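Under my numbering, the first residue of the sequence shown is numbered -14, with each subsequent residue one higher. Please read the structure below before turning to the comments.
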Amino acid sequence: MHELSICTSLAALVERHADDRRVAVVHLDVGHLRQVVPDTLRFSWEVVVTGTALEGSVLDVREIPAVVDCRTCGTSTTLQVPVFRCPCGSTDVAVVAGEELQVTSLDLVPTGGS
């Protein structure tokens, strides 16, 4: 269950960038090829942030499909299953999407004041 270690690292990263402001939502892109289970990732987030400054924040996971470009025919294909084959039959493909694991933004709660 590598989702737990991912969330541990992610929480440390978010805390550093939040600069002592409360975080409401962490937006995360996860590529299909990362082999991460989004529901397990969300559950792990809740476990990791309990008792920390991030408690109560939500992990918003956006799944990014795996996309390859065929070097033989030039077709760009979204993979339904991780089988690296172009519809033309070629396996000479380049992965162009699906390996993401990146925080895209943080929704921070405004601090008091004007």
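Positions of the beta carbon are idealized from the N, C-alpha and C atoms, including for glycine. Computed from a predicted model, the values in this text were never measured in an experiment.
For my contact list, residue i and residue j are in at a C-beta cut-off of 8 Å; report their separation, rounded to the angstrom.
{"i": "C(-8)", "j": "V33", "result": "4 Å"}
{"i": "H12", "j": "V88", "result": "7 Å"}
{"i": "T62", "j": "C55", "result": "7 Å"}
{"i": "E(-12)", "j": "V22", "result": "6 Å"}
{"i": "H2", "j": "L91", "result": "7 Å"}
{"i": "T60", "j": "P72", "result": "6 Å"}
Do you know whose CA, among the options, lies nearest residue i's CA?
{"i": "T26", "options": "T76, V8, A38 and E48", "result": "The question names Thr, yet the displayed sequence has Leu at residue 26. The candidate whose alpha carbon is nearest that of L26 is E48."}
{"i": "R70", "options": "F28, A51, L86 and E85", "result": "A51"}
{"i": "E84", "options": "L(-11), F28, A3 and G16", "result": "G16"}
{"i": "T76", "options": "L91, V53, L86 and T96", "result": "V53"}
{"i": "L(-2)", "options": "W30, C58, A82 and T96", "result": "W30"}
{"i": "R6", "options": "R56, L(-5), A38 and P23", "result": "A38"}
{"i": "Q65", "options": "A(-4), D14 and L18", "result": "L18"}
{"i": "E40", "options": "Q20, V68, D14 and E0", "result": "E0"}
{"i": "A82", "options": "F28, D14 and D24", "result": "D14"}
{"i": "P96", "options": "V68, S(-10), T35 and D4", "result": "Note that residue 96 is Thr in the sequence shown, not Pro. Nearest option by C-alpha distance: D4."}
Report yes if the CB atom of residue i is closer than 8 Å to the CB atom of residue j, and no otherwise.
{"i": "A9", "j": "V94", "result": "yes"}
Kindly identify the DSSP beta-bridge partner or partners of residue i.
{"i": "V43", "result": "V10"}
{"i": "A79", "result": "D54"}
{"i": "I49", "result": "G16"}
{"i": "Q111", "result": "Beyond the ends of the chain as shown, which are -14 and 99, falls residue 111; an answer cannot be given."}
{"i": "S(-10)", "result": "For S(-10), which the question treats as bridged, DSSP gives no partner whatsoever."}
{"i": "D92", "result": "V10"}
{"i": "T62", "result": "V53"}
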